[in-house]
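A short write-up of the structure that comes next.
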Amino acid sequence: MTTRVLGIRHHGPGSARGVVAALDELRPDLVLVEGPPDADDVIPLAADPALVPPVALLVYRPDAPRRAVFYPFADFSPEWQAIRWALAHGVPARFCDLPMAHQLAAAEPREPCEPRDDDPLEELARAAGFSDGERFWEAMVEERRSRPDDDDGLFDAIAEAMAAARGRAGAHDLRREAWMRRTIRAAEKEGFARMAVVCGAFHAPALAAPADRRSDEALVRGLPRVKVAATWIPWSHGRLSLASGYGAGITSPGWYHELWVGGDRVAERWLTRVARLLRSKDLEAPAANVVDAVRLAEALAALRDRARPGLRELTEATDAVFCFGDERPLHLVHDELIVGETLGQVPEDMPKVPLAEDLGRSQRRLRLPPLAAEKIYDLDLRKPNDRERSHLLHRLALLDVPWGEPLEREGALGTFHEIWRLAWDPEYALAVVEAGMWGNTVADAAAARAADAAARAPDLPSLAPLLDQTLLADLPDAAATVVRRLEEQAALASDVVHLLEALPPLARVLRYGSVRKTDAEVVAAVVASMVTRAAIGLPGAAHGVDDDAAEALDRLVQAADAALGALDDAALVATWRGALARLDGAHGLLAGRAVRLLLDGGALDRAEAARRAGLALSAAEPPERAGAWAEGFLGGSAALLLHDETLWQVVDGWLAALDEAAFVQLLPLLRRTFARFSAPERRSLGERAGRAGSPAAPVAREGFDAARAAAVLPALAVLLGVDHD
Numbered sequence: 000m001t002t003r004v005l006g007i008r009h010h011g012p013g014s015a016r017g018v019v020a021a022l023d024e025l026r027p028d029l030v031l032v033e034g035p036p037d038a039d040d041v042i043p044l045a046a047d048p049a050l051v052p053p054v055a056l057l058v059y060r061p062d063a064p065r066r067a068v069f070y071p072f073a074d075f076s077p078e079w080q081a082i083r084w085a086l087a088h089g090v091p092a093r094f095c096d097l098p099m100a101h102q103l104a105a106a107e108p109r110e111p112c113e114p115r116d117d118d119p120l121e122e123l124a125r126a127a128g129f130s131d132g133e134r135f136w137e138a139m140v141e142e143r144r145s146r147p148d149d150d151d152g153l154f155d156a157i158a159e160a161m162a163a164a165r166g167r168a169g170a171h172d173l174r175r176e177a178w179m180r181r182t183i184r185a186a187e188k189e190g191f192a193r194m195a196v197v198c199g200a201f202h203a204p205a206l207a208a209p210a211d212r213r214s215d216e217a218l219v220r221g222l223p224r225v226k227v228a229a230t231w232i233p234w235s236h237g238r239l240s241l242a243s244g245y246g247a248g249i250t251s252p253g254w255y256h257e258l259w260v261g262g263d264r265v266a267e268r269w270l271t272r273v274a275r276l277l278r279s280k281d282l283e284a285p286a287a288n289v290v291d292a293v294r295l296a297e298a299l300a301a302l303r304d305r306a307r308p309g310l311r312e313l314t315e316a317t318d319a320v321f322c323f324g325d326e327r328p329l330h331l332v333h334d335e336l337i338v339g340e341t342l343g344q345v346p347e348d349m350p351k352v353p354l355a356e357d358l359g360r361s362q363r364r365l366r367l368p369p370l371a372a373e374k375i376y377d378l379d380l381r382k383p384n385d386r387e388r389s390h391l392l393h394r395l396a397l398l399d400v401p402w403g404e405p406l407e408r409e410g411a412l413g414t415f416h417e418i419w420r421l422a423w424d425p426e427y428a429l430a431v432v433e434a435g436m437w438g439n440t441v442a443d444a445a446a447a448r449a450a451d452a453a454a455r456a457p458d459l460p461s462l463a464p465l466l467d468q469t470l471l472a473d474l475p476d477a478a479a480t481v482v483r484r485l486e487e488q489a490a491l492a493s494d495v496v497h498l499l500e501a502l503p504p505l506a507r508v509l510r511y512g513s514v515r516k517t518d519a520e521v522v523a524a525v526v527a528s529m530v531t532r533a534a535i536g537l538p539g540a541a542h543g544v545d546d547d548a549a550e551a552l553d554r555l556v557q558a559a560d561a562a563l564g565a566l567d568d569a570a571l572v573a574t575w576r577g578a579l580a581r582l583d584g585a586h587g588l589l590a591g592r593a594v595r596l597l598l599d600g601g602a603l604d605r606a607e608a609a610r611r612a613g614l615a616l617s618a619a620e621p622p623e624r625a626g627a628w629a630e631g632f633l634g635g636s637a638a639l640l641l642h643d644e645t646l647w648q649v650v651d652g653w654l655a656a657l658d659e660a661a662f663v664q665l666l667p668l669l670r671r672t673f674a675r676f677s678a679p680e681r682r683s684l685g686e687r688a689g690r691a692g693s694p695a696a697p698v699a700r701e702g703f704d705a706a707r708a709a710a711v712l713p714a715l716a717v718l719l720g721v722d723h724d
């Protein structure tokens, strides 16, 4: 009876090549692979040519889909090659790790392969003269080119090295290894005589050495258990990288794929691909540079006593020969070649939850393939197919499946256009599984999810954008539910901040229309009620607030004014402007903003605005209040100062009259105010101030009576304690 333990790296082309060679030599009658036995039923599906790696086993709890674990496989993964070898040769293949039915029953699920602080590869790397364990393993195992006469001792050497360097395993690893040995014993009882066990190199010594059966049984006895389900899902090279958070990830899946599929002239092929990529981006990469880069990479390898260039040498050669000191081409090579965004495929008839099947049908019908690479879609909502695409993406957003990200573009094309950025993340498959609790189709699930969110919404600001989402997603029944909830909340709302936060999205609903006329009518009544309440409460809310609260309220006031200004409703606008007119005694920022909004809306003429500015910026006002008023009034545009001589004189006179202490105190606020002007506006202001050359002259006022003013001068001189001629 023979049991051969093959210790491997979970995603390594050299390990995979060695496993295939070892299996060809051993010809086992059973192949055991480190992985979840809960997924044994889906192993035969790996023989389907339509199942194209990278793919992953998704094992999850149907009652709590977020409690799940992914087991990724690339074409260069040793486990994948072992499974494919077994299926091709008619040999049974099974997973032998601790079942996820036990692991997911724990309080916190664990990744199937967790990173360890005491990595034995680091000890081996230092002993061999390498800077880290990653480079040591790549040079010794993954980047080596196997020959028929040198694979016999590979796995024996790995097991021996790991046995010497492996430290004390944690409790979870010990439990997993006990279960693997238990699985091997059970297979021996079944009569299998030549078994191959493919497992992580860390576990190889523990599985090859004799162990006490009773100790193993004690470690795994009485473990809690839950029901789990398993299926295959597409994965990507990007998700195989360490940045994905998966403990057994790798930094260079694209490079490993090249090592797996390529022949002996790896350097030439790789650098040729680099040149083609750069040329596709209109960057200089002539064939002569490829030759120079190959020679440089080979020279670097020789200096480091390596038989052939590895990724480190090829990257350094790329940097020196192609990049000319610019790091951006190197980033491009890293993202598109070293890592890559290859996305796997699964058969159409792969078992899925009903919601995932409906989503797949919609993606095919609407020609929206789930690609890992980012793609921009400009949707014209006047076209039926684009309109349905928009509905699908908005419905997925309601289900917390953020496949599409809406974008805003300068110079918008109109309300009938939407710009979306799409990039499929393999983990969205889990989000779809979780969303399956809401319904069996995307439309039904999104409607149920929206209705539930409406029932749980604590206030108006939560309900208003939800209504907008349901209308954009074309969910009329859900929209009606949200509107009813909105009416209830609006009838009770008195908080001005909440009312102002809710107005812009509701105004958007009224401006762009609704799926039903009755919805629009109800929303219009709700908006009218909210505007009235906000107008009544705004003057009180704007008084006695500190600077931070004033800034927050200022942003809401501007947003509400813009939203209401876009509506063709004179009564609502009049009610709102009446509230703005009552903000004279409010915080300076809000008082100034109110005057500016009234001026821009045509409710004030420039003369009246200049009069109010003169009062607000007079010496009678505290400098800090005057500065805040100026910030609110001037806003983000310098057009008023540039084109209105009276306002220019008022502001210039106020600034010239400030004493040094007041000016220093207001300088940060003034800099912030003027920094918000555009560069051409700031330049024009500077040129105009330079032409003036001296403090502004007093503002001339019609009907000024100098004689009456002179009559008060003696009394004023007594009050001020100065002599009067």
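Yeah, the sequence shown ends on 724 if you go by numbering that gives the first Met the number 0, and it's all consecutive. Glycine included, every Cβ here is placed at the ideal spot set by N, Cα and C. Everything numeric in this text was worked out from a predicted model, so none of it was measured.
Identify the continuous alpha helix (DSSP H) that holds residue i and give its terminal residues.
i           : result
residue 574 : 569–580
residue 71  : Looking at the DSSP string, residue 71 is not in any alpha helix (DSSP H); the run it does join, the beta strand (DSSP E), is 63–72.
residue 250 : Looking at the DSSP string, residue 250 is not in any alpha helix (DSSP H), and its letter there is neither H nor E.
residue 157 : 153–164
Could you check if residue i is buried or exposed, using at least 16 other CB atoms within 10 Å of its CB as the buried criterion?
i           : result
residue 603 : buried
residue 722 : exposed
residue 469 : buried
residue 693 : For residue 693, the predicted structure reports a pLDDT of 46, less than 50, and the residue's modelled location is therefore unreliable. A value from the coordinates is still provided. Per the 10 Å Cβ criterion, exposed.
residue 65  : exposed
residue 351 : buried
residue 389 : buried
residue 16  : buried
residue 71  : buried
residue 1   : exposed
residue 18  : buried
residue 323 : exposed
residue 507 : buried
residue 375 : exposed
residue 98  : buried
residue 481 : buried
residue 251 : buried
Between which two residues does the beta strand (DSSP E) holding residue i run?
i           : result
residue 194 : 193–199
residue 280 : First-last for residue 280: undefined, no H or E at that position.
residue 404 : 403–406
residue 31  : 29–32
residue 317 : Element bounds for residue 317: not the beta strand (DSSP E) but the alpha helix (DSSP H), 310–321.
residue 2   : 1–7
Report the CB separation of residue i from residue j in whole angstroms; it is logged as a contact under 8 angstroms.
i           : j           : result
residue 558 : residue 591 : At roughly 17 angstroms, the Cβ-Cβ gap does not stay under 8 angstroms, so residue 558 and residue 591 are not in contact.
residue 136 : residue 303 : Actually they do not touch by this definition, with Cβ atoms about 16 angstroms apart.
residue 431 : residue 355 : 5 angstroms
Less than 8 angstroms between the C-beta atoms of residue i and residue j, yes or no?
i           : j           : result
residue 341 : residue 214 : no
residue 459 : residue 453 : no
residue 631 : residue 588 : yes
residue 312 : residue 329 : no
residue 142 : residue 34  : no
residue 273 : residue 227 : no
residue 563 : residue 594 : no
residue 26  : residue 193 : yes
residue 204 : residue 139 : no
residue 11  : residue 158 : no
residue 534 : residue 575 : yes
residue 90  : residue 29  : yes
residue 225 : residue 178 : no
residue 484 : residue 527 : no
residue 253 : residue 320 : no
residue 293 : residue 266 : yes
residue 612 : residue 684 : no
residue 509 : residue 523 : yes
Per DSSP, residue i is paired with what?
i           : result
residue 229 : 58
residue 235 : 342
residue 417 : 378
residue 92  : 30
residue 51  : 344
Quick one: does the C-beta of residue i sit closer than 7 angstroms to a heavy atom of the ligand MG?
i           : result
residue 708 : In the structure shown, the ligand MG is absent, as is every other ligand, since no ligand is present at all.
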